[in-house]
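Heads up: the sequence shown begins at 1 in UniProt numbering, then just goes up one per residue.
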Amino acid sequence: MKTVVDTHAHTIASTHAYSTVHDYVTAAKQRGLDMFTITDHAPAMPDSPHFWHFGNMKIFPRIESGIAILRGIEANILPDGEFTIGGISQLQTLDIPPGLVPFLDLAVASFHEPVFAPADEKTHTDAMIKAIRSGLCQIVGHPGNPNYPINQEEVIRAARDNNVLLEINNSSFTHSRSGSEKHCMRLLELVDTLDWKVVFASDAHIAYDLGDHSSCIEKARQVGFPEERVVSVSAKRFVDFLGSHGKPVAKELEDWTQSLPEAA
Numbered sequence: 001m002k003t004v005v006d007t008h009a010h011t012i013a014s015t016h017a018y019s020t021v022h023d024y025v026t027a028a029k030q031r032g033l034d035m036f037t038i039t040d041h042a043p044a045m046p047d048s049p050h051f052w053h054f055g056n057m058k059i060f061p062r063i064e065s066g067i068a069i070l071r072g073i074e075a076n077i078l079p080d081g082e083f084t085i086g087g088i089s090q091l092q093t094l095d096i097p098p099g100l101v102p103f104l105d106l107a108v109a110s111f112h113e114p115v116f117a118p119a120d121e122k123t124h125t126d127a128m129i130k131a132i133r134s135g136l137c138q139i140v141g142h143p144g145n146p147n148y149p150i151n152q153e154e155v156i157r158a159a160r161d162n163n164v165l166l167e168i169n170n171s172s173f174t175h176s177r178s179g180s181e182k183h184c185m186r187l188l189e190l191v192d193t194l195d196w197k198v199v200f201a202s203d204a205h206i207a208y209d210l211g212d213h214s215s216c217i218e219k220a221r222q223v224g225f226p227e228e229r230v231v232s233v234s235a236k237r238f239v240d241f242l243g244s245h246g247k248p249v250a251k252e253l254e255d256w257t258q259s260l261p262e263a264a
């Protein structure tokens, strides 16, 4: 299996990451990617960039050196549905300021300890499903995190019914979230059984990791997970997914993907 799309990467705008957009373009070419997404942390995280960072991603070239660059955000699933920005409190499920939504190609929704203290399976499951049903996210980030046990079957059914992809996060097997492996492998088995789809993502915090889905691919091989359920194997497949989700897709991206081969 070869993946050509990476849907989760952080730049130096998230201050615990170490690479620029330019660094990632170079890395994408070296790795053989067609597309990647910048998903810096949303405002509730302590090291999030100013929200102007997200609105100004409109200056990113859509295609640079043959690589498509998507404009994203890694949003935080909120514990109580309330989020305050600029002194204004608003009831939300994710910390995406409403004014930013038109500027984003996609949002990844994730649990993070500084925002949502780990609780119990029902609390996590309910919050994740609420995020999935919000219409604000297209991907659930690192749902195999052992610090946030969930009812995987309920989450997968909700994701399938609301056209939200589940992420298998390569960093969960290498740098972060120790103990994720068994949860991710079980998730893959259930996604196949319940007829849904995933993306593989690096969660790169440095350009050297961009597009590294090697551990994801190996875990998928071990459980016999079919390639046709991995949206990351084709940029066209991923752009088509965004369109099916109701997100306006930039014409330049649509035109560009028409020239790409579909995954085998």
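Beta carbons: idealized from backbone N, C-alpha and C, even for Gly.
The stretch 203-219 and the stretch 148-164 do not touch, with fewer than 3 CB-CB distances between them shorter than 8 Å. In this model, Ala235 and Thr11 are separated by some 21 Å (Cα to Cα). Of the residues Ala119, Val233, Leu165, Ser259, the one whose Cα lies closest to the Cα of Gly135 is Leu165. Burial check for Ala119: the Cβ neighbour count within 10 Å stays below 16, so the residue is exposed. Inclusion of Pro149 and Ser180 in the CB contact set at 8 Å is not warranted, their separation being larger than that value. Within the DSSP bridge table, the entry for Ala235 names no partner.
When Cβ pairs closer than 8 Å are counted between the two stretches, the stretch 11-27 is seen not to touch the stretch 192-199, the count staying below three. Taken atom to atom, the span from the alpha-carbon of Thr84 to that of Arg62 is near 31 Å.
For Gly72, the enclosing beta strand (DSSP E) stretches over residues 67-76. By the Cβ criterion, the stretch 24-43 is in contact with the stretch 54-71, since at least three pairs of Cβ atoms, one from each stretch, lie closer than 8 Å. Assignment of Asn147 by DSSP, reduced to helix, strand and coil, places it in the coil class. For Val5, same chain residues with a beta-carbon under 6 Å away, outside a window of 5 residues either side, are Met35, Ser232, Ala235, Phe238 in chain order. For Phe36, the uninterrupted beta strand (DSSP E) run begins and ends at 35-41, by DSSP. A distance below 6 Å between beta-carbons, with the five flanking residues on each side excluded, links His205 to the following residues of its chain, in chain order: His10, Ala17.
Secondary structure at Thr84: strand, using DSSP grouped into helix, strand and coil. Cβ neighbours of Asn151 within its own chain (closer than 7 Å, five residues either side excluded): Glu121, Thr125. Excluding residues up to 5 positions away in sequence, Ser14, Asp40, His41, Ala42 lie with their Cβ nearer than 8 Å to the Cβ of Ser48 in the same chain.
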